[in-house]
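Numbering (the working numbering), first residue to last: 4 to 485.
Notes follow once the structure below has been shown.
This is the structure we're talking about:
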């Protein structure tokens, strides 16, 4: 049962508290521009004199400012104080280029010296916020107070036409997802991840339910199998919000809080970053918050299967055959392909409602990263129109995705001699595609009913780039919301 006590408590919980972030949103933006510094966005080769005067152009030339992407130039006034700033955007093609500015400019408040339409203003504000993110809480604090450290970060006066509600919701979701992914596994186990999600549900007045123990083993055997080798028990978390009479959206995120690989153990270099293997859960929880904060007119059902893939006498083995929640028997091809197993049981539950959309996200395969690298999530779907729209949105706002095929010819790779399906198949080829084909087996009702299913295989981590500080990253969720 969903808890009525939790629903009652929700009314006593404040709105999403951004003070939990290492740099709160309230320190990133300002409403008062009376003491702000004009910030000129300059394309490479642009005539600065036309926008800011001959003296500014001469100064910029003297310090070799050319408008290259991420290049910053600050100009003092007659009193020696900062009078104006220039920031290079190259050819202007990078939507999140302003995300580089917080790391390049002195700690002042800036106003963009340009008239922007609503779309430009919203993207600029979002880029600035995304680039302001920090994860420093586990480092020894400096002698300065938290308030003083926040003052050391530059802030941006809200652009006049920016959609503050949308930007705030997206940044809260993105910051929270990044925080979850960046948190070490000893500090974020199954119980801790559950509590993070429950708190968010309470803040939105949503219903939530957790399935653990014997009930999990009986009703969700694949989730149980993956997590039973750990001393930290697996579980399935559900959140429901919105009007059940409205279009139904199911969101499913892989929550493997740490992945040793199980008996198919990972080498040390591959195991080290596996705190990020709950990136799908982090991204889906972030997206869930965004949708609820934006007041979407839909019914949202979020499912987070949570487990730690450990090695012990209780752990599952290669060649085990497990009957999934849907009744499909699964032969375990490799214990390091555990994410698809916990997703399968959660997807089966989501599929029972035949929603208009099932979206699942996971840091699922190395094959995806070999094909597309860190920056491009791979999307698999039965819906051509939805895929095209997500691609277009992603390109326009700097959250790119790339479609990969659900090639029917590779379904034979998943054949098993002893069960209905293998979890991995016998061929070491097309691993991202066969993983997607495996997941597709667990959403037949939704697809047959004309609904959309989309699987997003993503890295959950990024090298430093505009609006994307190095570390945990919830790719594709901005494009999903925009």
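Just so it is clear, CB atoms sit at the ideal spot from N, CA and C, and this is done for glycine as well.
Values in this document were obtained by computation on a predicted structure and should not be read as measured data.
Item                                                                                                                                                             : Value
With DSSP collapsed to three states, give me the class of residue 166.                                                                                           : coil
Once DSSP output is grouped into helix, strand and coil, what is the label at residue 482?                                                                       : helix
In whole angstroms, give me the CA-to-CA distance for residue 147 and residue 370.                                                                               : Because residue 147 carries a pLDDT of 49, less than 50, the predicted location of this residue cannot be relied on, and no value is offered for it.
Going along the chain, which residues of its own chain have a beta-carbon closer than 7 Å to the beta-carbon of residue 63, five neighbours each way excluded?   : 51, 76, 89
Just to confirm before moving on: does the CB-CB distance between residue 186 and residue 266 stay below 8 Å?                                                    : no
If contacts are defined as beta-carbon pairs under 8 Å, then residue 390 and residue 382 qualify, I think. What distance do you get, rounded to the angstrom?    : 6 Å
Unbroken beta strand (DSSP E) runs of length 3 or more, entirely within the region 221-301: which are they?                                                      : 238-244, 251-256, 258-262
Whole-angstrom Cβ separation of residue 305 and residue 287, contact assumed at under 8 Å?                                                                       : 6 Å
Please say whether residue 160 and residue 91 have beta carbons closer to each other than 8 Å?                                                                   : no
Round the Cβ separation of residue 226 and residue 237 to the nearest angstrom and send it over; I've been treating them as touching at under 8 Å.               : 5 Å
Along the alpha helix (DSSP H) that carries residue 387, what are the first and last residues, could you check?                                                  : 387-400
Taking one C-beta from the region 215-230 and one from the region 270-278 each time, how about it: are there three or more such pairs within less than 8 Å?      : no
Taking residue 474 as the reference, which of 460, 139, 291 has the closest Cα?                                                                                  : 139
Short check: CB of residue 157 to CB of residue 115, under 8 Å?                                                                                                  : no
To the nearest angstrom, report how far apart residue 73 and residue 111 are at their CA atoms.                                                                  : 17 Å
May I ask you to list the residues that DSSP assigns as paired with residue 312?                                                                                 : 262
Going by Cα to Cα distance, which pick from 25, 41, 455, 240 is closest to residue 354?                                                                          : 455
Taking the runs of the alpha helix (DSSP H) that are 4 residues or longer, which of them lie wholly in the region 318-378?                                       : 342-354, 369-375
In the region 23-85, which residue ranges form an unbroken beta strand (DSSP E) of at least 3 residues, counting only runs that do not cross its ends?           : 40-46, 75-79
Could you spell out where the beta strand (DSSP E) holding residue 101 opens and where it closes?                                                                : Looking at the DSSP string, residue 101 is not in any beta strand (DSSP E), and its letter there is neither H nor E.
Quick one: is residue 280 buried, meaning 16 or more other Cβ sit within 10 Å of its Cβ, or exposed?                                                             : buried
Return helix, strand or coil for residue 210, following the three-state DSSP convention.                                                                         : strand
If I'm right that residue 349 touches residue 308 with Cβ under 8 Å, what's the distance once you round it to whole angstroms?                                   : 4 Å
Determine whether the beta carbon atoms of residue 472 and residue 132 lie at a separation below 8 Å.                                                            : no
Using C-beta distances below 7 Å, list every residue in its chain close to residue 260, excluding the 5 sequence neighbours before and after it, in chain order. : 188, 191, 192, 193, 196, 281, 309, 311
For residue 137, does the three-state DSSP call read helix, strand or coil?                                                                                      : coil
Could you please give me the residues that DSSP links to residue 475 through a beta bridge?                                                                      : 464
Identify which residue in 214, 278, 144, 29 has its Cα closest to the Cα of residue 175.                                                                         : 29
Taking residue 407 and residue 361 to be in contact with their CB atoms under 8 Å, please state how far apart those CB atoms are, rounded to whole angstroms.    : Contact doesn't hold; Cβ gap of about 17 Å is too wide.
Sorted by chain position, which residues of the same chain lie with C-beta nearer than 6 Å to residue 315's C-beta, five sequence neighbours on each side aside? : 232
Measure how close the beta-carbons of residue 242 and residue 284 come, nearest whole angstrom, since I'm counting them as under 8 Å.                            : That belief does not hold up - the Cβ atoms of residue 242 and residue 284 are roughly 12 Å apart, past 8 Å.
What does the alpha-carbon distance come out to for the pair residue 22 and residue 172?                                                                         : 14 Å
Roughly how many angstroms lie between the CA atoms of residue 99 and residue 34, to the nearest whole one?                                                      : 21 Å
Would you mind stating whether residue 417 and residue 347 have Cβ atoms separated by less than 8 Å?                                                             : no
Please report the distance separating the alpha-carbon of residue 184 from that of residue 278.                                                                  : 7 Å
Checking 8 Å against the spacing of the C-beta atoms, do residue 477 and residue 177 come in under that value?                                                   : yes
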